[in-house]
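32 is the number of the first residue of the sequence shown in our numbering; add one for each residue after it.
Built from N, CA and C at the ideal position, the CB exists for glycine as well.
Step one of this worksheet: look at the structure below.
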Amino acid sequence: MNDARVLLVEDNPQDELLTLRALRKARLANRIDVVRDGQQALDYLFNQAEFADSAPQELPVVVLLDIGLPRLSGLEVLERLRANPRTQLLPVVVLTSSDEASDRLRAYRSGVNSFVRKPVNSADFTETIARLGLYWIATNEPPDAH
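In structure tokens form, the structure reads like this:
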């Protein structure tokens, strides 16, 4: 499944670096595309704005989505993804430092597939991301394209 892509939506450069390093350490050779705010995530997924000239592509196998993003929050992105027939079944994992029960509840009510709090400890962060990558990229069976 090396041709399957992952979309990482992360505005924190340190968390981006740790996430990419953890996925490489787990020996996942998939292409990881990174966008840094909520609007850019939607533009990427719907081939709009800066991505309008790129050929429409298969959706990523999973979206790793932070909540606290500039321009458009991760929860707003999730709600828009679920409202669109093209992306309503796209696997989305909220990966956040938020420990707010209201964020978790809103994410699940909006159709998130998984809600994961980013560990503070670097080693725990790496292990968590590696497990996420192995599950969503190598183990999970996504629905057939529609």
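By a C-beta neighbour count over all protein chains shown, 10 Å radius and 16 as the cutoff for buried, is proline 44 buried or exposed?
exposed
C-beta contact flag for isoleucine 160 and valine 37 at 8 Å:
no
Nearest-angstrom Cα distance between methionine 32 and arginine 140?
With a pLDDT of 48 at methionine 32, under the threshold of 50, the predicted position of this residue should be treated as unreliable, though the coordinate-derived value follows. Between methionine 32 and arginine 140, the C-alpha separation is close to 30 Å.
Within its chain, find whatever has a CB closer than 8 Å to the CB of threonine 157; leave out the 5 residues flanking it on each side and keep chain order.
Leu49, Arg52, Ala53, Lys56
What does a CB cutoff of less than 8 Å around aspartate 155 pick up in its chain, not counting 5 residues either side in sequence?
none
Determine, using beta-carbon pairs with one atom in the region 118 to 125 and one in the region 134 to 153, whether at least three such pairs fall under 8 Å.
yes
So, does the region 127 to 134 touch the region 72 to 87, judging by three or more C-beta pairs under 8 Å?
no
Can you find the residues in the same chain that come closer than 6 Å, C-beta to C-beta, to proline 150, ignoring five residues on each side of it along the sequence?
Phe156, Thr159
Residue nearest to aspartate 46 in terms of C-alpha spacing, selected from Leu112, Leu95, Thr170, Asn115:
Leu95
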